[in-house]
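Numbering (this note's numbering), first residue to last: 3 to 152. A virtual CB, placed ideally from N, CA and C, is assigned to each residue, including glycine. These numbers were taken from a predicted model, which means no experiment stands behind them. See structure below.
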């Protein structure tokens, strides 16, 4: 991981200070010189997350997660529900909140987030959302579209 970050850093710095083109061979040469000057480099510090299976990585991310059950105002067809939850996911991404969305049935969806310190953003989002009836978080039921005039 550090190797990749170092190469990217070197290339971006060289690009900023010079108009000369550096190919991969020259960048690796510069990286080797840099590493010679950096004796405290320890390969065991590198991130081994690339070797972790996706299922395990997902489980680790959502170990201490919050689950939100959203009840929709009406029944949606599967493709409509998928579009709706995808739009929610995009909104959450724009708010920099990581989520996973699951359709439970025609009238409800499950949203999981490991960003527990940003749950207030999700609550604010759904309090303005007109497509849902209510949502449940930590055994507390909230009404959707409470603040329609906002």
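Residues in its own chain within less than 7 Å of residue i by CB, not counting five upstream and five downstream?
{"i": "residue 99", "result": "115, 117, 120, 123 and 124"}
{"i": "residue 136", "result": "73, 143, 144, 145 and 146"}
{"i": "residue 107", "result": "none"}
Going straight from the alpha carbon of residue i to that of residue j, what length do you get?
{"i": "residue 96", "j": "residue 131", "result": "16 Å"}
{"i": "residue 133", "j": "residue 105", "result": "14 Å"}
{"i": "residue 109", "j": "residue 87", "result": "12 Å"}
{"i": "residue 27", "j": "residue 92", "result": "39 Å"}
{"i": "residue 126", "j": "residue 101", "result": "15 Å"}
{"i": "residue 128", "j": "residue 89", "result": "13 Å"}
{"i": "residue 6", "j": "residue 38", "result": "16 Å"}
{"i": "residue 141", "j": "residue 77", "result": "23 Å"}
{"i": "residue 36", "j": "residue 10", "result": "13 Å"}
{"i": "residue 75", "j": "residue 103", "result": "18 Å"}
{"i": "residue 85", "j": "residue 69", "result": "20 Å"}
Could you tell me which of the options sits nearest to residue i, measuring between CA atoms?
{"i": "residue 67", "options": "6, 113 and 126", "result": "113"}
{"i": "residue 71", "options": "111, 81, 90 and 79", "result": "111"}
Leaving out five residues before and five after residue i in sequence, what residues of the same chain have Cβ atoms less than 6 Å from its Cβ?
{"i": "residue 83", "result": "105"}
{"i": "residue 94", "result": "101"}
{"i": "residue 2", "result": "This structure leaves residue 2 out entirely; the chain is present only between 3 and 152."}
{"i": "residue 138", "result": "71"}
{"i": "residue 34", "result": "none"}
Going by DSSP, which residues form a beta bridge with residue i?
{"i": "residue 137", "result": "72 and 144"}
{"i": "residue 112", "result": "71 and 104"}
Shorter than 8 Å, the distance from the beta carbon of residue i to the closest heavy atom of the ligand GTP, or not?
{"i": "residue 71", "result": "Looking for the ligand GTP in the displayed structure turns up nothing, as the structure carries no ligands at all."}
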